[in-house]
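Heads up: the sequence shown at position 343 corresponds to 1746 in my numbering, and the numbers run straight through without jumps.
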Amino acid sequence: MFAAVNLKALRPEAEVTVLEGGSRLLAKVAVTGGGRCNLTNTFSGVRSLAEVYPRGARLMGRLFHDFSPRDTWDWFTAHGVPLAVRRDFDPSCSESERECVFPASQDAMTIVNCLVHEARKRGVRLLASQPVSAIGLLPSEGDSSAPSAPRFRVTVPDGELSFHRLVVAPGGLTPHIQSLLPSVIQIVPPVPSLFTLNLPDSPLRELMGTVVDPVTVGLAGTKLRASGALLVTHWGVSGPAVLRLSSYGARLLADCNWQATLSVNWLHDLTSEEAAARLSRQASLTPQRQLSSQPCFSLPRRLWEYLLLAAGIPAERRWAEAGTKQLHRLSSVLTSDTHAVRGQSRFKEEFVTCGGIDLSSLTPRLECRSLPGLYFAGEILDVDGITGGYNLQAAWTTAMTVARSIAQS
1404 MFAAVNLKAL
1414 RPEAEVTVLE
1424 GGSRLLAKVA
1434 VTGGGRCNLT
1444 NTFSGVRSLA
1454 EVYPRGARLM
1464 GRLFHDFSPR
1474 DTWDWFTAHG
1484 VPLAVRRDFD
1494 PSCSESEREC
1504 VFPASQDAMT
1514 IVNCLVHEAR
1524 KRGVRLLASQ
1534 PVSAIGLLPS
1544 EGDSSAPSAP
1554 RFRVTVPDGE
1564 LSFHRLVVAP
1574 GGLTPHIQSL
1584 LPSVIQIVPP
1594 VPSLFTLNLP
1604 DSPLRELMGT
1614 VVDPVTVGLA
1624 GTKLRASGAL
1634 LVTHWGVSGP
1644 AVLRLSSYGA
1654 RLLADCNWQA
1664 TLSVNWLHDL
1674 TSEEAAARLS
1684 RQASLTPQRQ
1694 LSSQPCFSLP
1704 RRLWEYLLLA
1714 AGIPAERRWA
1724 EAGTKQLHRL
1734 SSVLTSDTHA
1744 VRGQSRFKEE
1754 FVTCGGIDLS
1764 SLTPRLECRS
1774 LPGLYFAGEI
1784 LDVDGITGGY
1794 NLQAAWTTAM
1804 TVARSIAQS
């Protein structure tokens, strides 16, 4: 939709058609961000795009020169959608969510209505309930990129349509979408990204509903680390920290069938030695108090009692009775609490996929090298970001890139 609207703005004389398989336009946008649509991020504090785009960082860095997150803000504002940064309207939000950008209305339908309105105003042909069942090539003579004759044939329930240029932007690369693409298209096999982790054998699950912010989580045996809020669920762990880690380790976790060891530093960036020093100081300040009555590091009481148990320390023990070995054992659990991961997202709730159209098979303007006139945009590309508006930003940027590329051709 974004590509169609902007192509029509750049080339009003062009005939632009959007084919939507479902009965509702932009249904996925309507529910994104819990129905509020986290449509981009300020990128403030992002030192390297690889931090937020585990795959596709180089491409996004290049494309941002032409259409940046600031350009996205300006585009929607200019088209009647005021935006707001979460820290400005929700000061109590977690650190990892402070720079998320939403429509000021806090309603995703504001974005949906904007795009639909702009498409209709400009004369884009919108065809809903028209799932594509086949994509074919029409015979061409001479230069295959010449605009003189239609190049592509698309089959939908209402019949066959032909186009000079074709943009494939269906979201993720599903098996059905992959079956439609010409065999010459190079594919990086898609696997889930941005998912929660199942800890079926962990007593941590008894703390369902507990939130700690920030923590640092990692995959044992790797250098993969992610920070942010962590939520304990009845099946395992979720929250921004876990979703980020799943994005960083999407391919690795898929390769090992989501069997891994999760390490949690409940103190975020404190080392075991620093934690032990603070525990020792606490023992000297409150020697006669029970450890269970004096949670340290501002941790929730239930979590603190769980960690004492994990360290083998009776909850009723007084601080003066906790020896150096016990405090060091506790500091180790606080900064490196390990849990066996046995699967991901029980409810098929993956947010995005890792994998898609191989970027090496596309030109810098996202046109297929082997089939001129065929373009790709959005999540179907082998580009994916962590949670926080980064994936929608990639969608806006790649869509604008394609619109401008077609307009110039």
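Using N, Cα and C, we set each Cβ at its ideal position, and we do this for glycine too.
- DSSP, reduced to helix, strand and coil, places LEU1665 within a strand of the structure shown.
- Rounded to whole angstroms, the gap between the alpha carbons of ARG1427 and SER1696 is 55 Å.
- When C-alpha distances from LEU1634 are compared across ALA1644, ALA1743, GLN1685 and MET1512, the shortest belongs to ALA1644.
- Counting along the chain, ILE1514 sits inside the alpha helix (DSSP H) bounded by residues 1512-1525.
- The beta-carbon distance between GLU1502 and ASP1616, rounded to whole angstroms, is 15 Å. This is too long to meet the 8 Å contact definition.
- Going by DSSP, VAL1805 is part of the alpha helix (DSSP H) stretching over 1793-1811.
- Sequence-distant Cβ neighbours of ALA1522 in its own chain, meaning closer than 8 Å and more than five residues away, are MET1404, ALA1407, VAL1408, LYS1411, VAL1421 and LEU1529.
- At the C-beta level, ALA1797 and VAL1786 come within 9 Å of one another.
- Under DSSP, the beta-bridge partners assigned to GLU1770 are TYR1778.
- A direct Cα-to-Cα measurement between VAL1640 and LEU1583 gives close to 37 Å.
- Here ARG1461 carries a helix assignment [DSSP, helix/strand/coil].
- The beta-carbon distance between TRP1661 and VAL1744, rounded to whole angstroms, is 6 Å. This is short enough to meet the 8 Å contact definition.
- Burial is judged here by how many other beta carbons sit within 10 angstroms of a residue's own beta carbon; PHE1505 has at least 16 and is buried.
- For LEU1569, the three-state secondary structure derived from DSSP is strand.
- Residue pairing by DSSP places PHE1470 in no beta bridge whatsoever.
- The three-state reading of DSSP puts THR1480 in helix, counting H, G and I together.
- Taking the Cα positions, ALA1481 is about 26 Å away from PHE1779.
- If you compare the alpha carbons of VAL1620, LEU1622, ALA1537 and SER1451 with that of SER1586, the shortest gap goes to ALA1537.
- LEU1762 is positioned such that its CB atom lies no closer than 9 Å to that of CYS1771.
- Approximately 6 Å separates the beta-carbon atoms of VAL1594 and GLY1758; this is inside 8 Å, confirming the contact.
- In chain order, GLY1621, LEU1648, TYR1651, GLY1652 and LEU1655 place their CB closer than 8 Å to the CB of LEU1627, counting only its own chain and leaving out the 5 sequence neighbours on each side.
- The distance from the Cβ of GLY1459 to that of LEU1784 is about 7 Å, consistent with a contact at the 8 Å cut-off.
- Within its own chain, the residues whose Cβ lies closer than 7 Å to the Cβ of PHE1467, once the five positions on either side in sequence are excluded, are THR1800, listed in chain order.
- If you check the CB distance, SER1683 and LEU1607 do not come in under 9 Å.
- Nearest to VAL1618 by C-alpha distance, out of ASP1740, ALA1531 and LEU1670, is LEU1670.
- Beta-bridge annotation (DSSP): SER1596 is paired with VAL1755.
- Linking ILE1580 to PRO1573 through their CA atoms gives a straight-line distance of about 8 Å.
- Restricting attention to SER1605, GLU1454 and THR1613, the CA atom closest to the CA of SER1701 is found in THR1613.
- Straight-line measurement puts the Cα of ASP1493 at about 37 Å from the Cα of ALA1718.
- Rounded to the nearest angstrom, the Cβ distance from ALA1623 to THR1664 is 4 Å, consistent with a contact under 8 Å.
- Collapsing the DSSP output to three states places ASN1409 in a helix.
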